[in-house]
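Student: Using the working numbering, you'd call the opening residue of the sequence shown number 82 and step up by one each time. Here it is, the structure, as structure tokens.
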Amino acid sequence: MEQILKPVFKENFVSRHELKIDHAGNLPLLANELKRQRDTKKDFIAPSQKIRVVPSPTDIILNIEDTGSYSITPQCHNQIAGKLEIPQGYYDRLRTSSPDLLSKNINHWLEKENPKLIRTLDGKARAFLSDRYKIIDNDDVFFMSVDEMGKGNMQFFRADLTENYLFLKAVSTTTQAEIRKGDVVQAGLIIRNSEIGLSRFQVEPFVLRLFCLNGMIVPDNGMKQTHIGRKMGEGIYSRETQELNALASLSAMRDIVRATINGQSFDNTVKLLIAASETEIIKPNQAINNISIHAGFTDIETENILYNFIHQNDPTKYGLLNAITSAAKNAETAERMTELETKANEVITLPDESFDEIINRKLRVKRAIAA
Numbered sequence: 082m083e084q085i086l087k088p089v090f091k092e093n094f095v096s097r098h099e100l101k102i103d104h105a106g107n108l109p110l111l112a113n114e115l116k117r118q119r120d121t122k123k124d125f126i127a128p129s130q131k132i133r134v135v136p137s138p139t140d141i142i143l144n145i146e147d148t149g150s151y152s153i154t155p156q157c158h159n160q161i162a163g164k165l166e167i168p169q170g171y172y173d174r175l176r177t178s179s180p181d182l183l184s185k186n187i188n189h190w191l192e193k194e195n196p197k198l199i200r201t202l203d204g205k206a207r208a209f210l211s212d213r214y215k216i217i218d219n220d221d222v223f224f225m226s227v228d229e230m231g232k233g234n235m236q237f238f239r240a241d242l243t244e245n246y247l248f249l250k251a252v253s254t255t256t257q258a259e260i261r262k263g264d265v266v267q268a269g270l271i272i273r274n275s276e277i278g279l280s281r282f283q284v285e286p287f288v289l290r291l292f293c294l295n296g297m298i299v300p301d302n303g304m305k306q307t308h309i310g311r312k313m314g315e316g317i318y319s320r321e322t323q324e325l326n327a328l329a330s331l332s333a334m335r336d337i338v339r340a341t342i343n344g345q346s347f348d349n350t351v352k353l354l355i356a357a358s359e360t361e362i363i364k365p366n367q368a369i370n371n372i373s374i375h376a377g378f379t380d381i382e383t384e385n386i387l388y389n390f391i392h393q394n395d396p397t398k399y400g401l402l403n404a405i406t407s408a409a410k411n412a413e414t415a416e417r418m419t420e421l422e423t424k425a426n427e428v429i430t431l432p433d434e435s436f437d438e439i440i441n442r443k444l445r446v447k448r449a450i451a452a
């Protein structure tokens with residue numbers, strides 16, 4: 082059996098595998114990178130007894146018998162530790178201080194494990210997964226999404242390809258609403274996928290504010306497909322086998338995308354936003370400090386949110402939402418941007434009593450905030 086898998090997008094390359102695209106005209110960059118990855122990556126189902134790690138001067142190398150040797154990505158290291166139930170702190174310490182001892186630990190536990198799916202790309206082992214893991218590849222997700230969005234009056238807004246995730250955002254060309262006069266929001270969706278076991282294939286509603294191009298993710302209405310399938314036989318996971326498996330998944334994925342495009346959640350979200358625009362915040366410093374503690378924002382994120390809140394001159398719950406989504410655009414990673422856009426929805430959907438209780442708590446000094 083022979084194996085090859087598939088690709089994604091981003092306007093500026095952060096690394097060879099990271100790509101951000103915020104203009105539809107640049108989508109070919111993503112398509113080309115996804116095709117490159119499809120033709121480069123290989124997957125292997127191997128008995129754990131045929132998987133070994135060997136120490137190098139600074140790390141460990143993963144070796145699959147009769148197949149090859151691979152350096153190991155940070156996420157793959159985490160998965161090896163997790164699957165073998167080696168405490169992460171102990172694993173990390175041995176990795177830097179005693180690769181020999183770590184190798185002995187790993188090889189000992191591999192003797193007792195079930196077969197594993199090893200996903201590789203560009204000479205690196207990037208995932209260490211169960212042999213029941215169902216592969217849903219980024220290139221399949223991308224090209225299916227392009228096709229479905231063309232049928233559903235949707236256009237791409239932004240896409241991010243990172244080492245761990247693919248994020249695709251699109252907005253409707255026909256569905257929008259006013260929150261206030263001239264303040265228009267547009268219905269959309271976000272599609273996310275991880276080829277290496279970090280999340281399910283997932284489609285969720287997304288709302289874009291046209292004035293500032295801030296976005297909010299509405300997770301409660303999302304639809305998901307898990308990466309769990311039947312056990313695969315030993316050997317290299319061939320491209321033909323993978324494509325047959327992908328066909329079965331694509332039908333379900335298309336249904337999920339169509340259901341989200343045609344969903345009714347946008348009207349409900351608009352009602353929430355209008356109500357939020359009428360909910361005044363009297364003490365912004367205290368409110369944002371307390372909301373930041375509640376939502377788990379970092380110090381820098383909190384400072385950015387307060388700055389945005391004050392300078393946009395909208396002292397309402399809706400203004401707080403926009404301050405959070407504006408800070409999301411400055412996040413260091415696409416993953417954190419997505420988390421902040423989701424947290425914005427968590428804030429906006431807090432019941433009035435809960436929201437008031439949080440923002441009116443006596444100021445808890447977790448961080449110093451200067452207005």
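Positions of the beta carbon are idealized from the N, C-alpha and C atoms, including for glycine.
Whole angstroms is fine: what's the gap from L354's alpha carbon to L270's?
Tutor: Approximately 17 Å between the Cα atoms of the pair.
Student: Can you tell me the Cα-Cα spacing of P136 and D173, whole angstroms?
Tutor: Going by the C-alpha atoms only, they are around 14 Å apart.
Student: Are the beta-carbon atoms of N245 and S275 separated by less than 8 Å?
Tutor: Yes, the Cβ-Cβ distance between N245 and S275 is below 8 Å.
Student: May I have a chain-ordered list of the beta strand (DSSP E) segments no shorter than 3 residues that lie completely inside the stretch 364-431?
Tutor: Runs of the beta strand (DSSP E) inside the stretch 364-431: none found.
Student: Using 8 Å as the threshold, is the stretch 140-151 in touch with the stretch 170-190, meaning 3 or more CB pairs across them?
Tutor: With the cut-off at 8 Å, the stretch 140-151 and the stretch 170-190 touch.
Student: For N93, which three-state DSSP category applies?
Tutor: The pLDDT assigned to N93 is 35, lower than 50, so where the model puts this residue is not dependable, and the model offers no usable value.
Student: If we ignore side chains and look at the alpha-carbon of each, how far apart do E285 and A340 end up?
Tutor: If you take the alpha carbons of E285 and A340, they lie about 10 Å apart.
Student: I need the straight-line Cα distance from S358 to E382, nearest angstrom please.
Tutor: The alpha-carbon atoms of S358 and E382 are separated by roughly 22 Å.
Student: Could you tell me which uninterrupted beta strand (DSSP E) segments, each at least 3 residues in length, are contained entirely in the stretch 172-243, listed from first to last along the chain?
Tutor: Whole beta strand (DSSP E) segments, 3+ residues: 197-202, 205-211, 235-242.
Student: State buried or exposed for S435, treating a residue as buried only when at least 16 other CB atoms are found within 10 Å of its CB.
Tutor: By the 10 Å Cβ count, S435 comes out exposed.
Student: Kindly indicate the opening and closing residues of the beta strand (DSSP E) around V299.
Tutor: Looking at the DSSP string, V299 is not in any beta strand (DSSP E), and its letter there is neither H nor E.
Student: Going by DSSP in three states, L165 sits in which element: helix, strand or coil?
Tutor: In this structure, L165 counts as coil in the three-state DSSP scheme.
Student: Within 8 Å (strictly less), CB to CB, does N234 reach chain C?
Tutor: The structure shown contains no chain C; it holds only a single protein chain.
Student: If I145 sits next to A127, beta carbons under 8 Å apart, how far is it from one beta carbon to the other, in whole angstroms?
Tutor: The pair is a contact, with the Cβ atoms about 5 Å apart (cut-off 8 Å).
Student: Using 8 Å as the cut-off, can you tell me whether the stretch 250-257 makes contact with the stretch 210-221, which would need three or more C-beta pairs spanning the two stretches below that distance?
Tutor: No: the two stretches stay apart, fewer than three of their Cβ pairs being nearer than 8 Å.
Student: Spatial neighbours of Q257 within its chain, please: CB distance less than 6 Å, with the 5 preceding and 5 following residues excluded, ordered by chain position.
Tutor: Only V265, Q267 meet the Cβ criterion.
Student: Is the beta carbon of L202 closer than 8 Å to that of Q130?
Tutor: Cβ distance not < 8 Å, so Q130 and L202 don't count as in contact.
Student: If you draw a straight line from the alpha carbon of E438 to that of P155, how long is it in whole angstroms?
Tutor: E438 and P155: Cα-Cα distance of roughly 41 Å.
Student: Using only alpha-carbon positions, find the residue among I277, I405, F378, S407 that is nearest to K215.
Tutor: Among I277, I405, F378, S407, the Cα nearest to that of K215 belongs to I277.
Student: So Q118 is in the alpha helix (DSSP H); what residue range does that whole segment cover?
Tutor: 108-121 is the extent of the alpha helix (DSSP H) around Q118.
Student: Name the DSSP bridge partner or partners of K443?
Tutor: Answer is none; K443 lacks a bridge partner.
Student: So, at 8 Å on beta carbons, what are the nonlocal neighbours of I369 in its own chain, with the 5 sequence-adjacent residues on each side left out?
Tutor: Excluding residues within five positions, the ones whose Cβ falls inside 8 Å are T383, I386, L387, F390, L401, A404, I450.
Student: Go through its chain and collect everything with a Cβ distance to P396's Cβ below 8 Å, but skip five positions before and after it.
Tutor: Taken in chain order, the residues that qualify are E361, I362, I363, P365, F390.
Student: Run through DSSP, which three-state label would P155 get?
Tutor: Helix at P155.
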